[in-house]
Amino acid sequence: MFIEYKGTRSTTSKSGDSASTIVYTGKLAHVSLEQLDNVVYTQNMDKKLKAFILGATGAVGKELVKVLAADGRFEKVTLIGRREVTLNAEDPSYSKFENQLIDFEKLDEYKETFKGYDVGFSSLGTTRKKSGAEGFYKVDHDYVVQTAKLAKEGGCAHFHLVSSAGANKNAYFLYPKTKGEVEEELTEMNFSKLTIYRPAVLLVDGGREESRVGEAILQSVLKPLDRLRWFSVDVPLLARVMVSNCFRETPSRFEIMDNAAMNKLGKQQINGPMTATPQASNPDSTAQ
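Residue numbers 519 to 806, in the working numbering, belong to the letters of the sequence shown in order.
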């Protein structure tokens, strides 16, 4: 199943004096459960990856840090954000991590920060309750889109976005509408590979540091009832899936994973180790 984006969109310069029209086309493919019956992973054995995380202080970001720390296929991981993340200095697996503090209001000044990465993980987000409607849109749309653009310009080949179930640019409500707009704009950027994750409810052990009352109530109800995880995703599992997708062969460059697909792929990794087919590097290719 594909969602096709095709048409034009007008953009206005920061000064508001001029406008341009972007012509775009792209397809986001939903990952079917059948596709995950025979998963193949490939890895360039001659090259380790460099990655960055946006939103490393959040629930998903924290789990990504843990997964990447234990994965020897990544040689460098940069945590990009406004706050420094405390790492376990005594654990050698964290020696490949570094913090890079930025001011999201001045992103144009940080082009160099986003250069030289193979993979980007974005789990930025806030709530309307905490930031208001305008603040929510600024974080969940503007910051996400602007940092993705910098990543693309900096050579990032594979971008991962944590979106939400129900994302739809034509939705009436702000939350799904914003998520849908972001998905479309990232598709326009034409990354070599784009993977979008649409969890319905994220199950966080101990809850989030940032209070989300509605989500907490859903967690308390869904966790015992949704044992097959059709409507929810455990955050540690989501993080494992995001990292494993860096090496999974896919028929489409632009993918959407829903709860069922994320849970199936994640459980496969729990039941058996992820195996990669070694892939020799091409001496004539240009690294991104």
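Ideal placement from N, C-alpha and C gives every residue a C-beta, glycine not left out.
{"query": "N- and C-terminal bounds of the beta strand (DSSP E) containing LEU720", "result": "719-721"}
{"query": "Buried/exposed call for ILE540, threshold 16 Cβ in 10 Å", "result": "Interpretation of ILE540 is limited by its pLDDT of 41, a score under 50 that renders its predicted location unreliable; no figure is taken from the coordinates."}
{"query": "Status (buried if at least 16 other CB within 10 Å, exposed otherwise) for GLY653", "result": "exposed"}
{"query": "Test: GLU652 CB closer than 9 Å to a CB of chain D", "result": "The structure shown contains no chain D; it holds only a single protein chain."}
{"query": "Beta-carbon proximity check, PHE677 vs LEU625, cutoff 9 Å", "result": "no"}
{"query": "N-terminal and C-terminal residue of the alpha helix (DSSP H) that LYS568 is part of", "result": "LYS568 -> not in any alpha helix (DSSP H); beta strand (DSSP E) instead, spanning 567-572."}
{"query": "Backbone secondary structure at GLN786 - three-state DSSP", "result": "helix"}
{"query": "Alpha helix (DSSP H) segment containing MET760, residue limits", "result": "753-762"}
{"query": "Cβ neighbours of HIS659 in the same chain (closer than 7 Å, five flanking residues each side left out)", "result": "THR696, GLU699 and VAL700"}
{"query": "Buried/exposed call for ARG600, threshold 16 Cβ in 10 Å", "result": "exposed"}
{"query": "Stretch pair the stretch 624-639 + the stretch 667-686: three plus CB contacts closer than 8 Å", "result": "yes"}
{"query": "Inter-residue CB distance, SER682 and LEU572 (contact presumed, cutoff 8 Å)", "result": "Not a contact, Cβ separation roughly 16 Å."}
{"query": "Terminal residues of the alpha helix (DSSP H) in which SER649 lies", "result": "646-655"}
{"query": "Residues that VAL680 bridges to, as DSSP identifies them", "result": "TYR715"}
{"query": "First through last residue of the beta strand (DSSP E) which encompasses GLN618", "result": "615-619"}
{"query": "With 16 other Cβ atoms within 10 Å as the buried cut-off, status of LEU503", "result": "Residue 503 cannot be examined here, being either before or after the span of the chain that is shown, 519 to 806."}
{"query": "Alpha-carbon spacing of LYS709 relative to ALA675, whole angstroms", "result": "Looking at the sequence provided, one finds Phe at residue 709 rather than Lys. About 6 Å."}
{"query": "Beta-carbon separation (whole angstroms), ALA577 vs LEU692, contact threshold 8 Å", "result": "Not quite, the Cβ-Cβ distance comes to about 21 Å (not below 8 Å), so this is no contact."}
{"query": "Status (buried if at least 16 other CB within 10 Å, exposed otherwise) for LEU551", "result": "exposed"}
{"query": "Cβ distance (whole Å) where LYS580 is taken to contact GLU593 below 8 Å", "result": "Actually they do not touch by this definition, with Cβ atoms about 21 Å apart."}
{"query": "Beta-carbon proximity check, CYS764 vs ALA547, cutoff 9 Å", "result": "no"}
{"query": "Pair within 9 Å by beta-carbon distance, LEU783 and VAL759", "result": "yes"}
{"query": "Presumed contact (8 Å Cβ cut-off) between GLY643 and VAL657, rounded CB distance", "result": "7 Å"}
{"query": "Bridge partners - SER640, DSSP secondary structure assignment", "result": "LEU572 and LEU679"}
{"query": "Neighbourhood of GLU767 by C-beta distance below 6 Å, restricted to the same chain and skipping five residues each side", "result": "VAL558 and THR560"}
{"query": "Selected residue, minimal CA-CA separation from LYS545, among GLU702, PRO717 and ILE620", "result": "GLU702"}
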